[in-house]
Amino acid sequence: MSSIPSWIHSPSLESYNVMRKKRNASILYYTSVGRNLTDNRTPEDFTGKSLTRSQKHVHLSRKWPQWLWKLFSRSLGVKIHPNDTPLVGTILHMLTLTCAFSFSVASAWYIVLDVLSNYTRTTVLIGSVSILIGFSWVAIGIYANDLAGRLISNKSFADSVRMHSRTVFKISSTGLLFLISLALMCVNSYHSWINFQTESCQQIGVTNALCLIAFSCKVSFGVFALIWNCMVGFILLSVCRTHTIGIRRFIRELEVDGQSYDAYWKYQNSRTGVRHVDIDSLSSGLGADFCDECAWNDGYDRNEHNCDNNSQMPRPVSRPRLPTEESPSQIVTPSNQDDDKKNEGRLPEAISDQAVDMETPPENTHSHDMVSELMTNDDILMSYWKISFRMRTTSAYLQRWLASWIVLIVLWCANYIIFWMSHKATLLGIVEFILPLLLLLLVSSAFAEANAEGQRMIRCMCPTEDRLFLLLFLNQQPLQMTVFNFALTYNAIVGILLAFSVAFASKVIMDEVVI
Numbered sequence: 001m002s003s004i005p006s007w008i009h010s011p012s013l014e015s016y017n018v019m020r021k022k023r024n025a026s027i028l029y030y031t032s033v034g035r036n037l038t039d040n041r042t043p044e045d046f047t048g049k050s051l052t053r054s055q056k057h058v059h060l061s062r063k064w065p066q067w068l069w070k071l072f073s074r075s076l077g078v079k080i081h082p083n084d085t086p087l088v089g090t091i092l093h094m095l096t097l098t099c100a101f102s103f104s105v106a107s108a109w110y111i112v113l114d115v116l117s118n119y120t121r122t123t124v125l126i127g128s129v130s131i132l133i134g135f136s137w138v139a140i141g142i143y144a145n146d147l148a149g150r151l152i153s154n155k156s157f158a159d160s161v162r163m164h165s166r167t168v169f170k171i172s173s174t175g176l177l178f179l180i181s182l183a184l185m186c187v188n189s190y191h192s193w194i195n196f197q198t199e200s201c202q203q204i205g206v207t208n209a210l211c212l213i214a215f216s217c218k219v220s221f222g223v224f225a226l227i228w229n230c231m232v233g234f235i236l237l238s239v240c241r242t243h244t245i246g247i248r249r250f251i252r253e254l255e256v257d258g259q260s261y262d263a264y265w266k267y268q269n270s271r272t273g274v275r276h277v278d279i280d281s282l283s284s285g286l287g288a289d290f291c292d293e294c295a296w297n298d299g300y301d302r303n304e305h306n307c308d309n310n311s312q313m314p315r316p317v318s319r320p321r322l323p324t325e326e327s328p329s330q331i332v333t334p335s336n337q338d339d340d341k342k343n344e345g346r347l348p349e350a351i352s353d354q355a356v357d358m359e360t361p362p363e364n365t366h367s368h369d370m371v372s373e374l375m376t377n378d379d380i381l382m383s384y385w386k387i388s389f390r391m392r393t394t395s396a397y398l399q400r401w402l403a404s405w406i407v408l409i410v411l412w413c414a415n416y417i418i419f420w421m422s423h424k425a426t427l428l429g430i431v432e433f434i435l436p437l438l439l440l441l442l443v444s445s446a447f448a449e450a451n452a453e454g455q456r457m458i459r460c461m462c463p464t465e466d467r468l469f470l471l472l473f474l475n476q477q478p479l480q481m482t483v484f485n486f487a488l489t490y491n492a493i494v495g496i497l498l499a500f501s502v503a504f505a506s507k508v509i510m511d512e513v514v515i
């Protein structure tokens, strides 16, 4: 669980400004919205001859608009200019701390009296878990406020924050995150209002004033916690999407490299005296599903093998016109050959839908040009390191916040499972049980999507004898974002959801058996 920073215990205005004086981000950094990706590169951009070809198909969205960046900066106390005074951010932070302290004291007092009362069925275990969840929620809300400010003020990190995120059923995940969080806060506030009614307070011996104060502080802090956590959630979803697009760019480079190597291999095997194996005839029966994963389109002379790729991964761009594996004994006469007798003779067959030029380069020139199009191991490792560096930086910034939310949601759902063992399940309780699991699935899937693309990148690399040790290294150290050295995958997320689903189904079955 994330620890509360030490400066929270002395929330004076002077100490607060001392802690935040290092937050400074120039607005000029965000004013240039680069439409041309080759002029506005990020570490996910890759150098090489095929860079411009692949960038035409995989685009990054524009950066945040100035008004949105100013709004977030003012709210979080980030200085736009060095001489600015973060007055609005300081006030909002002090209000967050005040509401958090009031909510913690009032709620803890209410729970203790509820456990001690002889007229309620709240046990010590349920009360202890409820207090633990309450303090955890307070700590995460305060930490989210500080974390959002550090993310906004970090120029290197903010460059990955753009106006995009993954979609769920064609709906933006950022919008779903806000709607689910807002629905959870409203349902929880209504449930608390029912518990803080006059009858409930009198039953445990609590005055109406304490119930009203506890409810007001809970709603007030819930609003602040919703705002700060949604800010961090928006940044997380956007940055993870940026990393996913960066890995897909890398995959496109590897696909073009694989196609160039395939053409080079065909040319090497088409020379006289070299035994040739027609791989195309061997793979012709695999069908269109063969290339769904790595978008392997050998479209030189077979359009029937083209396959539909992922919407984010369009078809590979045009490949260089290279010689094929056709038999060199065949004679191809150019269509535009004139009466010059010097050009008479046999020419090697070329793969092209256009006429062959008059002057045919020597064989060694073809081979040299084809080898220069191939990516070396150093090129692949440098591109891998750039993406890995950004993903490790993202993990270092967000792993504590994400791990805290995972632990909080697990405790929240476990508390309901324990509570339903001695109480009857209600509709509000079921909704409060399901919504946090949806939030966990939505936020964690952003990490899982980027990690899945990192695993797919390895399978899209053309395996050669020189790359065996490189492939072994990439399998041991894949591109991934971790939470305290634990890589979030879809399997882990589904496992958690299935565990709570089984527990919930067991409760339903037990109720049916009792009836």
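Each residue of the sequence shown is one higher than the last, beginning at 1 in the UniProt record's numbering. Glycine included, C-beta positions come from ideal geometry on N, C-alpha and C.
| Check | Outcome |
| --- | --- |
| Validate contact between the segment 116–125 and the segment 93–102 using beta carbons, cut 8 Å, 3 pairs | no |
| Where TRP228 falls, given that 16 or more other Cβ within 10 Å makes a residue buried | buried |
| With 16 other Cβ atoms within 10 Å as the buried cut-off, status of THR394 | buried |
| PHE169, DSSP secondary structure in three states | coil |
| Pair within 7 Å by beta-carbon distance, VAL168 and LEU177 | no |
| Residue range of the unbroken alpha helix (DSSP H) whose run includes ILE80 | ILE80 -> no alpha helix (DSSP H), and no H or E assigned at all. |
| Check whether SER172 and VAL78 have beta carbons under 7 Å apart | no |
| ARG162 - partner residues in DSSP beta bridges | LYS63 |
| Cβ separation of SER165 and THR174, assumed to be a contact under 8 Å, to the nearest whole Å | 5 Å |
| Alpha helix (DSSP H) runs contained entirely in the segment 170–207, provided each spans 4 or more residues | 173–195 and 198–203 |
| PRO478: first and last residue of the uninterrupted alpha helix (DSSP H) it sits in | From DSSP, PRO478 is part of no alpha helix (DSSP H); its letter is neither H nor E. |
| Beta carbon of LEU411 nearer than 7 Å to that of ILE133 | yes |
| Sequence-distant residues of its chain with Cβ nearer than 6 Å to GLU344 (five each side left out) | Annotation note: pLDDT 43 at GLU344 (below 50); position unreliable, coordinate value reported separately. Taken in chain order, the list of residues that qualify is empty. |
| Opposing strand residues paired with PHE486 [DSSP bridges] | VAL483 |
| Opening and closing residue of the alpha helix (DSSP H) in which GLU465 lies | From DSSP, GLU465 is part of no alpha helix (DSSP H); its letter is neither H nor E. |
| Environment of GLN55 [buried if 16+ CB atoms lie within 10 Å] | Confidence in GLN55 is poor, its pLDDT being 44 and thus under 50, which makes the residue's placement unreliable; the coordinate value appears in the next sentence. GLN55 should be labelled buried. |
| Delimiting residues of the alpha helix (DSSP H) encompassing ARG392 | 377–422 |
| Host alpha helix (DSSP H) of ARG150 (start-end) | 124–153 |
| Beta-carbon spacing of ALA396, HIS243 below 7 Å | no |
| Cα-Cα separation, ILE430 to LEU439 | 15 Å |
| Inter-residue spacing [alpha-carbon to alpha-carbon] between ALA263 and LEU472 | 25 Å |
| Same chain, Cβ closer than 6 Å to VAL138, neighbours up to 5 away in sequence not counted | ALA100 and SER104 |
| Straight-line Cα distance separating ARG467 from TYR267 | 20 Å |
| Where ALA448 sits in the DSSP three-state scheme | helix |
| DSSP-derived helix/strand/coil call for THR120 | coil |
| Residue nearest to GLY495 in terms of C-alpha spacing, selected from CYS211, LEU437 and MET375 | LEU437 |
| Inter-stretch contact at 8 Å, needing at least 3 Cβ pairs: the segment 198–212 / the segment 457–466 | no |
| Span separating the alpha-carbon of PHE224 from that of ILE180 | 16 Å |
| Simplified DSSP state of LEU68, which is helix, strand or coil | helix |
| Cβ pair ALA448, LEU488 closer than 7 Å | yes |
| Nearest-angstrom Cβ-Cβ length linking CYS217 and ALA106, presumed shorter than 8 Å | 6 Å |
| Neighbourhood of GLY222 by C-beta distance below 6 Å, restricted to the same chain and skipping five residues each side | MET185 |
| Residue-level contact to chain E via CB, VAL431, 7 Å cutoff | Although the question refers to chain E, the structure presented lacks it and comprises just one protein chain. |
| For SER156, the three-state DSSP class (helix, strand or coil) | helix |
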